[in-house]
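> In the UniProt record's numbering, the protein residues as written are 1 to 345. Cβ coordinates follow ideal geometry from the N, Cα and C atoms, glycine included. Take this structure, written in structure tokens, and hold onto it; I'll ask about it next.
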Amino acid sequence: MSADWQTGLADPVASSRPTVSLSGIRCLVLGGGGFLGLNLCNRLAEAGAEVTCFSRSHPQPEVLDRRVTRVTGHFADRLAIANAVERQDVVFHLIAGSIPESSNRDPSAELAAAPIATLNLLEICRSARIKKLVFSSTGGAIYGIPRGIPIPEQAPTDPISAYGISKLMIEKSLYLYRHLHGIDYQVLRIANPYGRFQLGTKHQGLIGSYIHRVLSGLPLEVWGTGEVVRDFLHVDDVSDAFLGAVTYEGPHKILNVGSGVGMSVNQVIAELETAFGLDRLPCLYKPSRAADVPANVLDTALIRSELGWQPRVALRAGLVGTIAWMRAHLAEAHPGTPRHPAREG
């Protein structure tokens, strides 16, 4: 069985990454079975780190680098987390409760889940003398409706979703534990990532969802007029930022991670039409959602100056690579099922 869709070999941008050495550093990735986590685990292993992937279920063997240790458990299970954290140097916290839209259906459940479990994690990290905790926050939901574009790290944080409030609560908890106990941390406020391992089936990740729908012969769902503006970033660029955060010792504990370029949903659809080689993609327009801010583009000047980081994957190349990965994934998952006849341009 071919494993190209799993390893990323079908993605032409996968080999254009900068070389980073984290030889011998022991890294735990909480949420390692998710979209960002799988990519991060593999990148850490490539960089020479000793990596443990903590997730609710075992990823398929071909997905993760063979050097990655796999541990299953739930974030709310304090004993499982304590066992996973023991003897680690760096902990990556990539676990989220839900997504912005669904979080507003039951805010109390959202705010009682990840923030409380994170406080338990911080106590465990304090006891285990973890060197650094790197948290995957949100560069979209945490700012709410922005007062200006692009949005710098010091902009007001007024989330309009329980998801954004949950992320902000965790950020404040990290600050508290650094103040009280000296735990080092780094917050990365990430824009809208896309790329390999984003399945596009969980209503999270517009680009992944759209590619999946095109290949499944379904119309694209557009909430509102399609003029909502977002900041889209390839997952390889996100992984670069994570790796840079491991050794960063500067004073800035919160860094935006984005492309710095705003694109409307309609513009993304036009780019997908070009990448697929199609004249027009069918769209199904629906009413706008309360959790959607009209525009969100991150100011990335700080991370560029502090980490020497910059986005390297152009949107067109990223879309072509993601389409190739998704096509191969669907062929592996559903052999013999005809795929949509669109072609990569």
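DSSP three-state call for A45: helix, strand or coil?
Note: A45 maps to helix in three-state DSSP.
> Looking only at its own chain, which residues have a Cβ that is under 8 Å from the Cβ of H93, when we skip the five neighbours before and after it?
The answer, listed in chain order, is L30, G31, T118, L121, L133, V134, F135, S136 and I170.
> Decide if E153 is buried, meaning its Cβ has at least 16 other Cβ atoms within 10 Å, or exposed.
Burial call: buried.
> So L121 is in the alpha helix (DSSP H); what residue range does that whole segment cover?
From DSSP, the alpha helix (DSSP H) with L121 extends over P107 to A128.
> Answer yes or no: do residue 346 and V214 have a C-beta to C-beta separation smaller than 8 Å?
With the chain represented from 1 up to 345, any question about residue 346 goes unanswered, as that position is not in the structure.
> What's the call for W5, buried or exposed, on a 16-neighbour Cβ count within 10 Å?
Confidence at W5 is low in this model, with a pLDDT of 38, below 50, so the placement of that residue is unreliable and no value is reported for it.
> What are the uninterrupted segments assigned as alpha helix (DSSP H) that are 4 or more residues long and contained completely in the segment 121–203, given in chain order?
Whole alpha helix (DSSP H) segments, 4+ residues: 162–181.
> Pick from T247, A324 and R43: whose alpha carbon is nearest that of G308?
Ranking T247, A324 and R43 by Cα distance to G308 puts T247 first.
> How is T72 classed by DSSP in three states: helix, strand or coil?
Correct three-state label for T72: strand.
> Measure the alpha-carbon distance for E271 versus Q204 and round it to whole angstroms.
Approximately 19 Å between the Cα atoms of the pair.
> Using alpha carbons as the reference points, say which of A114, V51, T52 and V68 lies closest to R78.
Looking at the Cα atoms, A114 is the closest of the given residues.
> Figure out for me which residue from V222, Q88, V261 and H179 has the closest Cα to the Cα of L28.
Per the Cα distances, Q88.
> According to the Cβ coordinates, are A82 and G73 closer than 8 Å?
No.
> Under a three-way DSSP split, which group does I25 fall into?
Three-state DSSP puts I25 in coil, outside helix and strand.
> For residue 347, I'd like the list of residues in its chain whose CB is within less than 8 Å of its CB, leaving aside the five on either flank, ordered along the chain.
The question about residue 347 has no answer, for the chain in this structure spans 1 to 345.
> Quick one: residues in its chain with C-beta nearer than 7 Å to the C-beta of C125, no 5 flanking neighbours on either side, listed in chain order?
Closer than 7 Å at the Cβ level, and outside the excluded window around C125, lie V85, V91, L133 and I183.
> Pull up the DSSP beta-bridge partners for D240, would you.
None; D240 has no bridge partner.
> Taking just the CA atoms, how far does P219 sit from L284?
Going by the C-alpha atoms only, they are around 6 Å apart.
> Could you round the C-beta distance between residue 403 and T138 to whole angstroms and report it? I think they count as a contact, below 8 Å.
Residue coverage of the chain in this structure runs from 1 to 345, which leaves residue 403 outside it and unanswerable.
> Taking Cβ to Cβ, would you say G24 is nearer than 8 Å to E50?
Yes, the pair counts as a contact, with Cβ atoms nearer than the cut-off.
> On the premise that I323 lies in contact with A275, defined as a C-beta separation below 8 Å, what is that separation, rounded to the nearest angstrom?
6 Å between Cβ atoms; contact.
> With 16 other CB atoms within 10 Å as the buried threshold, where does P156 fall?
By the 10 Å Cβ count, P156 comes out exposed.
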